[in-house]
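For reference, each letter of the sequence shown is one residue, going 19 to 157 in the numbering used here.
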Amino acid sequence: MKKLLTTCLGFVVIIVFSSCTGESSETLDKEFIKEKAEIGLSKSEVEEAFGKDYISGDADGGKLWLYDTTNKEGANYERRLDAVAHEDIIDGNVVNQLFINFQKEKAIMYSFFYKGDDGKVWEFVLNPDETTLEVPVSQ
Numbered sequence: 019m020k021k022l023l024t025t026c027l028g029f030v031v032i033i034v035f036s037s038c039t040g041e042s043s044e045t046l047d048k049e050f051i052k053e054k055a056e057i058g059l060s061k062s063e064v065e066e067a068f069g070k071d072y073i074s075g076d077a078d079g080g081k082l083w084l085y086d087t088t089n090k091e092g093a094n095y096e097r098r099l100d101a102v103a104h105e106d107i108i109d110g111n112v113v114n115q116l117f118i119n120f121q122k123e124k125a126i127m128y129s130f131f132y133k134g135d136d137g138k139v140w141e142f143v144l145n146p147d148e149t150t151l152e153v154p155v156s157q
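The structure is reproduced here in structure tokens:
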């Protein structure tokens, strides 16, 4: 009984700790973006939805955050805010990239880049007016 209680207590501690980190355990893919991305989310709400593993910088009077998923452990990939990693996505080093634009501390636009079934890099965009667009952006 004591061993069972200790095991259960340990499990509860792991669950509580995991839920307090703010890290998302979800896979970053287009469906997840469609479900979680919302215009007007605060930075803390974005962190709650997408996690804290991002890089950020200034862009056009606001902030820009980049979330990405790499496919290969130890892949030689430089995380940059000034360019989409088209070649790395095509080569399979990077699975996807999500750029989020903020103005006045609120998310105003999401741009998600991924490799389509046709081998091209595609962009799924949630615009400030809440319309969406999905287009190939590489040849």
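Even for Gly, the Cβ is constructed at its ideal location relative to N, Cα and C.
Closest to residue i by CA distance: which of the options is it?
{"i": "Ser129", "options": "Glu123, Asp135, Glu148 and Asp71", "result": "Glu148"}
{"i": "Lys122", "options": "Lys138, Leu46, Ile73 and Asp78", "result": "Asp78"}
{"i": "Leu116", "options": "Lys124, Leu144 and Gly134", "result": "Leu144"}
{"i": "Leu59", "options": "Ile51, Lys124 and Gly134", "result": "Lys124"}
{"i": "Thr45", "options": "Asn114, Glu152 and Val102", "result": "Asn114"}
Identify, in the order they occur along the chain, each residue of the same chain with its Cβ nearer than 8 Å to the Cβ of residue i, setting aside the five sequence neighbours on each side.
{"i": "Glu41", "result": "Note that Glu41 scores a pLDDT of 38, beneath 50, so its modelled location is shaky; the value from the coordinates is reported in the next line. Contacts found: Gly69, Lys70 and Asp71."}
{"i": "Asp136", "result": "Pro154"}
{"i": "Val51", "result": "Per the sequence presented here, residue 51 reads as Ile, with Val not at that position. Hits under 8 Å: Leu116, Tyr128, Phe130, Phe142 and Leu144."}
Taking DSSP's pairing of strands, which residues face residue i in a bridge?
{"i": "Val119", "result": "Looking at the sequence provided, one finds Asn at residue 119 rather than Val. Answer is Leu82 and Met127."}
{"i": "Val143", "result": "Ser129 and Leu151"}
Excluding the 5 residues flanking residue i on each side, which residues of the same chain have their C-beta closer than 6 Å to its C-beta?
{"i": "Leu99", "result": "Gly75, Leu82 and Leu84"}
{"i": "Pro154", "result": "Lys138 and Trp140"}
{"i": "Gly110", "result": "Asn89"}
{"i": "Asp106", "result": "Tyr95 and Val112"}
{"i": "Thr150", "result": "Leu144"}
{"i": "Glu152", "result": "Phe142"}
Quick one: what's got a C-beta closer than 7 Å to residue i's C-beta in the same chain, skipping five residues either side?
{"i": "Lys48", "result": "Phe130, Tyr132 and Phe142"}
{"i": "Arg13", "result": "Within the shown structure, residues of the chain are numbered from 19 to 157, placing residue 13 beyond reach of any answer."}
{"i": "Ile126", "result": "Ile57, Asn119, Phe120 and Pro146"}
{"i": "His104", "result": "Val139 and Ser156"}
{"i": "Gly134", "result": "Trp140 and Pro154"}
Can a CB atom of chain C be found closer than 8 Å to the CB of residue i?
{"i": "Glu148", "result": "Among the chains of the structure shown, chain C does not appear; only one protein chain is present."}
Any beta strand (DSSP E) of 3 or more consecutive residues that is wholly inside the region 53-111: The region 53-111 contains these whole beta strand (DSSP E) runs: 73-77 and 80-88.
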